[in-house]
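Worksheet for the structure shown next.
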Amino acid sequence: MMPEDGRLVDKTHKLSDRENIALRPKVLDDMVGQDRVRENLRIIIDAAKSRNEPLDHVLFYGPPGLGKTSLAYVIANEAKANIRITAGPSIERAGDLAAILTHLKKGDILFIDEVHRLGKAIEEILYPAMEDFVLDIVIGKGPAAKTVRLNLPRFTVIGATTRLALLAGPLRDRFGARFRLDFYDQEAMESIILRATQLLGVEIVPEGTSEIAKRSRGTPRVGLRLLRRVRDFAEVRADGIITAEVTHDALKLMEIDDLGLDEIDRRILRTIIEKFGGGPVGLDTIAAATSEDSSTIMDVYEPYLIQLGFIDRTPRGRICTVHAYNHLNIDYQEDNDNSGQKRLL
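Written as structure tokens, this is what we have:
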């Protein structure tokens, strides 16, 4: 199922449940890339096993689509623990969180996606639960109200967020292990694509693997989605084998260029260059000019454009670099107002 806007590289849209589960790594040895994170997790898990204790609370942060949810499942499998999945926006009332916490058993893992979107009242309940493993419940109202404290079994919270800055300091400090997930390099992406083709039973040549990996924006979720679309193209327009030529034709039809940029990425860059002289321009202004949500631009599109060196964030706003001009085949020249920005000729 495609996103409503048809954007194939929208990292907020996940794979179908069946294929997502099939392609998700089961243990740390199945993971590709994120070597530093994997090694640290292995130490944390092995140490907890040797002490026969639940894991310390873990926080993953970074751009969407890099494997935060997959790592939560891997940790649960490695620790042989049950995992309960929820999301920050889903926990609307204190009673919702209380119901979840009281059903946990010793050693269980509670995975909270978008943990930065927990309400303040919910966070206040989560603090003592994570630190002291107790749940404070207020019974009654007004002068007759009283607090009942319930003991909770020792459990582990795994949080995931794309917006670390929006996470309340007290909540962030209660995670004993915090890891940033970075974009994957070409070699790692090729390994991920190759593993997926084997699991899906897809025939692919090395050049096809390399071509898909190159356009995956360093993001496994994007790479796996592109693989599925190229697979469909190969089955309908070719002989079912994914070659470099088939991959190139399929991604050209999807308007995804050699760096993995799609029409919306290019629209953002052209908006900054053609409408605002290359910047600086504020995020909300870019959002209004492109009819995109500002949070979506900041969380989904911007990280990769910054990674490529196409956009810079400055105190005055976003600017496009010379690399963006070159990629779009737009001439540029130095501005004369001492801002040091490029301007469209």
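One point on numbering: in numbering that gives the first Met the number 0, the residue at position 221 of the sequence shown is 220, and numbering is uninterrupted.
Cβ atoms here follow ideal geometry from the backbone N, Cα and C, with glycine treated the same way.
Query	Result
Excluding five sequence neighbours on each side, which residues of the same chain lie with their C-beta closer than 6 Å to the C-beta of ILE241?	ILE203, GLY207, VAL229 and ALA233
By how many angstroms is the C-alpha of LEU134 removed from the C-alpha of ARG92?	14 Å
Could you give the first and the last residue of the continuous beta strand (DSSP E) run that contains LYS104?	Here LYS104 belongs to no beta strand (DSSP E), and DSSP marks it neither H nor E.
Under the three-state reduction of DSSP, which class applies to LYS25: helix, strand or coil?	coil
Just the C-alpha distance for ASN39 and MET30, rounded to the nearest angstrom, thanks.	13 Å
State the DSSP-derived secondary structure class of ARG317, mapped to helix, strand or coil.	strand
Would you mind sorting GLU244 into buried or exposed? The rule is 16 or more other CB atoms within 10 Å of its CB.	exposed
At the level of alpha carbons, what is the spacing between GLY259 and LEU327?	13 Å
Give the straight-line distance between the Cα atoms of LEU125 and SER209, rounded to the nearest whole angstrom.	45 Å
Identify whether GLY222 lies in helix, strand or coil by the three-state DSSP scheme.	helix
Give the list of continuous alpha helix (DSSP H) stretches no shorter than 4 residues that lie fully inside the region 143-229.	168-172, 185-199 and 205-213
Is the beta carbon of LEU103 less than 8 Å from the beta carbon of ALA78?	no
Grab me the residues of TYR72's own chain with a C-beta within less than 7 Å of its C-beta, minus the 5 sequence neighbours each way, in chain order.	ARG23 and ILE82
Measure the C-alpha to C-alpha separation of SER338 and ARG216 and round it to an integer number of angstroms.	Confidence is the limiting factor: at SER338 the pLDDT is only 46, short of 50, which leaves the residue's position unreliable and the question unanswerable from this model.
Could you say if the region 265-281 and the region 316-331 meet the contact criterion of at least three C-beta pairs nearer than 8 Å?	yes
Mapping DSSP to helix, strand and coil, what is MET297?	helix
Report the three-state DSSP secondary structure of ILE82 (helix, strand or coil).	strand
What residues are listed by DSSP as bridge partners for LEU134?	LEU149
Excluding five sequence neighbours on each side, which residues of the same chain lie with their C-beta closer than 7 Å to the C-beta of ALA167?	GLU122
How about GLY362 and LEU165: do their beta carbons lie closer than 8 Å?	In the structure as shown, the chain begins at 0 and stops at 344. Residue 362 is therefore absent and cannot be evaluated.
Ordered along the chain, which non-local residues of its own chain (more than five positions away) have a Cβ less than 7 Å from that of GLY281?	GLY316
Here's a check: name, in chain order, each residue in its chain whose Cβ is nearer than 8 Å to the Cβ of ALA159, leaving out the five neighbours to either side.	LEU58, PHE59, TYR60, LYS67, THR68, ALA71, PHE110, ILE111, ASP112, GLU113 and VAL114
In the DSSP output, what is VAL280 paired with across the bridge?	ARG317
So what's PHE110 in DSSP terms, helix, strand or just coil?	strand
In terms of residues, what are the limits of the beta strand (DSSP E) holding VAL57?	57-60
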